[in-house]
Amino acid sequence: MAVDFRVNGRAVDVDVPNGTRLLWVLREHLKLTGTKYGCGAAQCGACLVHIDGQPAFSCQTPIEAVGGRTVTTIEGLSRDGSHPLQRAWIAERVPQCGYCQSGQIMNAAALLARNPRPTRAQIVEQMSANICRCGTYQRIVRAIERAVREG
Amino acid sequence: MINMWGPEMAPQTPQRSAPPGEAGARLDVSRREFMVGAAGLTFGVLLPGCARVATTESPSASLATTAGNATAFSPWVSIATDGTIYIQSPAVEMGQGSLTSLPLIVAEELDADWSKVRIVPAPPNDKLYGNPGFGGLMYTAGSNAVRSYYQPLRIFGAQVRRVLLDNAARRWSVPVSELTTQPSVVVHAKSGRRLGYGEIAAFAEIPARAPEVKPEELKKPGQFRLIGKDVMRVDLPGKVNGTAQYSIDVQVPGMAYGAILRSPVESSAPVRIDDAAARAVPGVLRVVRLPYGVGVVAETPWAAFAAKDALTVTWDRSAAGWGFDSEVALARYAAAARDLATAGKPWDRAGDVAAAMGKAATVIEAEYRSDYAYHAQMEPLNSVASVSSAGDSCEIWVGSQGQTMAVAAVAKALGIPPDKVRLNNLLLGGGFGRRGHRDEEFVIDSVLLSKEVRRPVKLMWTREDDVRNGRFRPLSAHFLRAGLDGSGRIVAWQHRLACDWVTPFMDPVRFKGVFKEVDLIAVLGTEIRSYDVPNRLAEQLGQQTGMRTSPLRGIGFVANKFATEAFLDEIAERRSMDPVELRLELLKNDARGQAVVKAAVEMADYRRPRPGRSLGFAFVDYSNTMVAGVAEVAVDRASGRLQVHNFWCAIDPGVAVQPDNVVAQTEGSIVYGLGMALTERITVKGGVVQQSNFYDYQVPRMRDVPEMHVRVIATSNPPSGVGQMATPLVAPAIASAVHAATRARLRHTPFLPERVMAALKA
């Protein structure tokens, strides 16, 4: 079926079978490969994007659910990597293998959009949706707190 | 030993390169690759599609995008007339940072301006780029990149600097002894003249043999400008903006998608395939019978996955693994470990254990167990392959820990020479030992499918495939015995390890070769060489099970040091001694070991009691890296749940090339160890893995992770590895803390709540 939606400010229309997950449309159709496949089961958050500003597991989102809506991926978070979280991620040297970090940053961005001054406990609660197998969690917390501080 | 710059490798200016296997040399711009030498020796291959990364800190190096017209000073370094310096990195990048730290070591002795450095992933060539620590194999594993390349790379960097100096001396007709360097500039102080490295590259004459540089001519640590200074990793910027490329991100024209239903058991072929439903899935191109499974090729990934799920396959049941039950097996391993009448294969041996044990005043015994564990690297296994229509050449895009192993495995699978295989090795979304098996099975997957459909194929394992066809840290039972003399001193030590064989499965070549048939991946860590114990025997009782096994972060150290350190905790209790005091007594001949123990104790304020929480201690010497850790744990006696609130760790890795990265790797190691200590467990029934995904194989999340406090005690010893050294500390430190709070002994990892409850009741 044909679905029209916006990705990172750009209008797109794709024609894929009903039920196809947004993740694969983003990655293989639209070549936005910053959004990752990790589990396909809403367990790891590597695929996390924003739909109308809300965090969503793209591996679980059927394409028909985004018709007429606005999707933001890591590629659209900022034009030049200058989002406060992206700068903080570098300053705290968060990534190791880096595979999960797009989803981590997108989830953190959704948190800060809703709650610009989260407590440590609120950060931990929200970010526990994402798995980082390299174990960068402590630096993720520090980076989010830095982004809050430095804006 | 590797010959990096023999006469036959005399570096020359890069010329136009040839396609694999063709004579002659010419530049292939589309591949952004350049070659050197009449024999077509590959000099540099650049990461495909890797955008030049924006950097937020300056000065900093970046990944190279274009080679330009650079002069090759050695197989490791070429310099363009604009001053750009290309340095080869022989290790793959899977998060551990050596893509940056190895070229950094070259740049240090070269006295390069780091902002002018472009890092080039080295092409698959063991002879030039192999790791001396792995017998000259290009293999990124074992926390062994900086450890084994450190000294050779310093020499290679210094050699190129020397060539630059010699050229400047000739140009100015001055003695080379009057010249010095500043970053990327040769200086003649007497006359005030200066020549940039790029300027020298324009006229440089490169000797056929590298100049001799003696170790004593290398920089002293006080002269380091890059080592120890926390230079920004070149791969980080791309990892926060979505541009970092992993093999799963690769797309090539005309590409189809593949998925494979593998036999649940190793070495088991499909007998009967019902593929009617699979073929009915729209977009499916082919169903392919493979020796080890059934492949599906489709126009889209979702069609490939759906078709794979629609297959019904009957498997040949003759393979050894069918019927295997991990719980039953573990009881059998434990019985084997306890059966002293059967000798194991000795590993660490000193003195005469039998005699010393016979004379001991007291003999203490205990048994420990560890379950299978799964890597869970975040990027599920995948590869992209394009086999030529004639089937006589192949290009692959992979994330392998062994570049030359991948090439060799593909060449073997297709029956073609290795030089007909073109490798593009990309960033790895985690490795942890999973991507370095000799058979490179996840690479062969796409090659076989591409060969069948004569199109490029991107082959992806689903997470379920990755779990069910995982290759695991082995199941193990450990029977430990200690003989104490009248004063309580440990005079005899025996560690009997019963576990699945690992190395013969993961790498039969190295097992038969450099390992001399010792299953090092399994047995390492049973040795206790830093401890003052005169009579020791560590032995392996290898179990033939047909299970798929693998090195996994921390390899044998994780289970073996759990047994060793937890046993010492029990011995300390028997002697009414503090566990730390016992370690200090045992480390009386090891100043570095003592230093990390004392540091961890001081960091944790170990003597201070804290209500509702308890502290536990462990020490590990791992490939000459010394680590000590203290865990602060709360035990929920009602549920058996353990929460680790703090973890203090002191690490002495010798020279810390990138100190903050040492901290990052140690934090990651602790988190990894936490999962294996508390929750991570693979079980097998009827030969079939019982877990599927992150809902039933639970790895640590942010809410599970303690505050981690890491102190790097950098010493002037050679760098000794940092990628996994703290992982083995975690389980024994937690067990020690649980004992301190409850007197209960945890002897089976992971410490599942039901196991904790059982220990509390015992």
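Chains as they are written, first to last, in my numbering: chain F, 1 to 151; chain R, 152 to 913. Cβ atoms here follow ideal geometry from the backbone N, Cα and C, with glycine treated the same way.
How is residue i classed by DSSP in three states: helix, strand or coil?
i	result
R:Trp323	helix
F:Met106	helix
R:Asn295	coil
R:Ile411	strand
R:Leu737	helix
R:Ser398	helix
R:Gln333	strand
R:Phe593	helix
R:Leu675	coil
R:Glu858	strand
R:Tyr682	coil
F:Met1	coil
R:Tyr919	In the structure displayed, chain R extends from 152 to 913; residue 919 of chain R sits before or after that span and is not available.
F:Lys31	coil
R:Lys609	strand
R:Val382	coil
R:Tyr773	strand
R:Thr900	strand
R:Val778	strand
Checking the sheet assignment: what are the DSSP bridge partners for residue i?
i	result
R:Gln691	R:Lys496 and R:Leu648
R:Ala785	R:Gln794
R:Pro421	R:Trp466
R:Val448	R:Gly409 and R:Arg437
Note down, in chain order, each residue of its chain lying with its Cβ closer than 7 Å to the Cβ of residue i, except the 5 sequence neighbours on either side.
i	result
F:Gly103	Lys36, Gly45, Ala46, Cys47, Leu48 and Asn130
R:Pro358	Val314
F:Gly151	Pro84
Which value, in whole angstroms, describes the spacing of the CA atoms of residue i and residue j?
i	j	result
R:Thr235	R:Arg269	7 Å
F:Tyr137	R:Pro870	26 Å
R:Gly707	R:Ile821	16 Å
R:Val314	F:Ser82	42 Å
R:Gln809	R:Asp381	5 Å
F:Val71	R:Gly393	15 Å
R:Ser324	R:Ser342	12 Å
R:Ala884	R:Pro415	36 Å
R:Tyr757	R:Tyr525	33 Å
R:Ser681	R:Asp543	53 Å
R:Arg483	R:Thr696	12 Å
F:Gly34	F:Gln122	26 Å
R:Asp670	R:Arg624	13 Å
R:Leu481	R:Tyr523	10 Å
R:Lys370	R:Ile378	11 Å
F:Arg69	F:Leu22	12 Å
R:Lys459	R:Ser540	25 Å
R:Ala494	R:Leu692	8 Å
R:Lys912	R:Val861	35 Å
R:Ile722	R:Leu733	9 Å
R:Ala710	R:Asp855	21 Å
R:Pro326	R:Ala320	6 Å
Spatial neighbours of residue i within its chain, please: CB distance less than 8 Å, with the 5 preceding and 5 following residues excluded, ordered by chain position.
i	result
R:Val228	Ile236, Tyr237, Ile238, Gln239, Val257, Leu261, Phe307, Gly308 and Val311
R:Gly664	Gly286
R:Gly246	Leu579, Gly581, Gly582 and Gly819
F:Pro118	Leu111, Leu112, Gln126, Ile144 and Val148
So does residue i have its beta carbon nearer than 8 Å to some heavy atom of the ligand FMN?
i	result
F:Cys97	What this structure holds is no ligand at all, so the ligand FMN is not there to describe.
By Cβ distance below 6 Å, which residues in the same chain neighbour residue i in space, the five residues on each side in sequence not counted?
i	result
R:Lys836	Asp476
F:Ala143	Ala88, Trp89, Glu92 and Val94
R:Pro531	Trp612, Arg614 and Asp617
R:Met657	His588 and Ser701
R:Ala174	Bear in mind that a pLDDT of 28 at R:Ala174, under 50, signals an unreliable position, so the model cannot answer this.
R:Asp803	Arg743, Val747, Met777, Ile864 and Thr866
R:Gly791	Pro904, Val907 and Met908
Uninterrupted beta strand (DSSP E) stretches inside the segment 508-568 of chain R (no shorter than 3 residues):
Whole beta strand (DSSP E) segments, 3+ residues: 513-521, 533-538 and 545-549.
With a floor of 4 residues, list each alpha helix (DSSP H) that falls wholly inside the segment 35-91 of chain F, ordered by position along the chain.
74-77 and 84-91
Which runs of the beta strand (DSSP E) fall wholly inside the segment 796-865 of chain R and span at least 3 residues, in chain order?
Counting only runs of at least 3 residues, the segment 796-865 of chain R fully encloses the following beta strand (DSSP E) elements, listed from N- to C-terminal order: 858-863.
Extract the residue ranges of the alpha helix (DSSP H) inside the segment 698-748 of chain R, only unbroken runs of 4 or more that lie entirely within it.
Within the segment 698-748 of chain R, the complete alpha helix (DSSP H) runs of at least 4 residues are 706-725 and 730-737.
Whole alpha helix (DSSP H) runs in the segment 868-896 of chain R with 4 or more residues, listed along the chain?
878-893
Any beta strand (DSSP E) of 3 or more consecutive residues that is wholly inside the segment 233-319 of chain R
236-240 and 268-272
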